[in-house]
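Numbering (the working numbering), first residue to last: -16 to 187.
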């Protein structure tokens, strides 16, 4: 996959980020690396410093991972199991301590935490691919998630497998990685005085 042009230059860690679908199935994520990734998530901002996020850590080969694999959608079952570790992110969507506003922003804050983790992973030359395709109800039971928490998304982490090292990678998954990545131009997402009215020239 080629590095994308971003218009005005941004950090290489952001410009080079991608979501790999082919992970090295022999790679093991060390405790030190996992700790660094989770620390990056832990230090992200949140509404009222509520920190309404939590992660189930599923390491390839353990029971948590087996539960996850069994709950994957068909589209994700071909690539997620090869990741070294999969985090299942949860947001506290029931008010904690009588502050409903914090719960309202819990999903937003979980997303920020994972975004921080993604940047940390890129700096460590690790790949991260987030996904939603799994049976949320099944995993809620399997992981004994309390009712005030909601499982939101999976975060597959591992070493992107170089093309010249790959063995027995199915064609669909390999092709998926080569698809061109596109983003909407800024004039379609950044508005000025009125919603829908571009805040910046259309060249950006």
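Even glycine gets a Cβ: it sits at the ideal position worked out from N, Cα and C.
May I ask which residues mark the beginning and end of the beta strand (DSSP E) holding residue 42?
36 to 42
By Cβ distance, which residues of its chain are closer than 6 angstroms to residue 24, with the 5 residues on each side in sequence left out?
Excluding residues within five positions, the ones whose Cβ falls inside 6 angstroms are 96, 99 and 100.
My output table needs one value for residue 31: the three-state DSSP class, helix, strand or coil.
In this structure, residue 31 counts as helix in the three-state DSSP scheme.
What does the Cβ neighbour count give for residue 155, buried or exposed, with the cut at 16 atoms within 10 Å?
exposed
Whether or not the stretch 1 to 9 and the stretch 69 to 81 are in contact is what I'm after, with contact meaning three or more pairs of Cβ atoms, one per stretch, closer than 8 angstroms; do they touch?
no
Can we say the stretch 135 to 149 touches the stretch 109 to 124, given the rule of at least three CB pairs closer than 8 angstroms?
yes
With DSSP as the reference, identify every bridge partner of residue 75, one or two as the case may be.
Residue 75 is bridged by DSSP to 132.
Less than 8 angstroms between the beta carbons of residue 117 and residue 30, yes or no?
no
Take residue 50 as the anchor and find which of 122, 26 and 79 has the nearest alpha-carbon.
122
Run through the stretch 46 to 105 for me and flag every whole beta strand (DSSP E) of 3 or more residues, listed as ranges in chain order.
68 to 75
Can you list, in chain order, the residues of its chain whose CB lies under 6 angstroms from that of residue 63, leaving out five sequence neighbours each side?
55 and 139
Run the CB neighbour count on residue 32, radius 10 Å, all protein chains shown included, and call it buried at 16 or more, exposed below.
exposed
Please report the Cβ distance between residue 132 and residue 37, rounded to the nearest whole angstrom; I am assuming they are in contact, meaning their Cβ atoms lie under 8 angstroms.
About 6 angstroms separates the two Cβ atoms, so the contact holds.
Measuring straight from C-alpha to C-alpha, what distance separates residue 75 and residue 4?
29 angstroms
With burial defined as no fewer than 16 other Cβ atoms inside 10 Å of the residue's Cβ, what is the status of residue 43: buried or exposed?
Taking every protein chain shown into account, the CB of residue 43 has 16 or more other CB atoms within 10 angstroms, so this residue is buried.
Helix, strand or coil, according to DSSP, for residue 119 in the structure here?
helix
Quick one: what's residue 137 bridged to in DSSP?
71 and 114
Within 10 angstroms of its Cβ, does residue 173 collect 16 or more other Cβ (buried), or is it exposed?
exposed
Within 10 angstroms of its Cβ, does residue 15 collect 16 or more other Cβ (buried), or is it exposed?
exposed
Just the C-alpha distance for residue 93 and residue 151, rounded to the nearest angstrom, thanks.
35 angstroms
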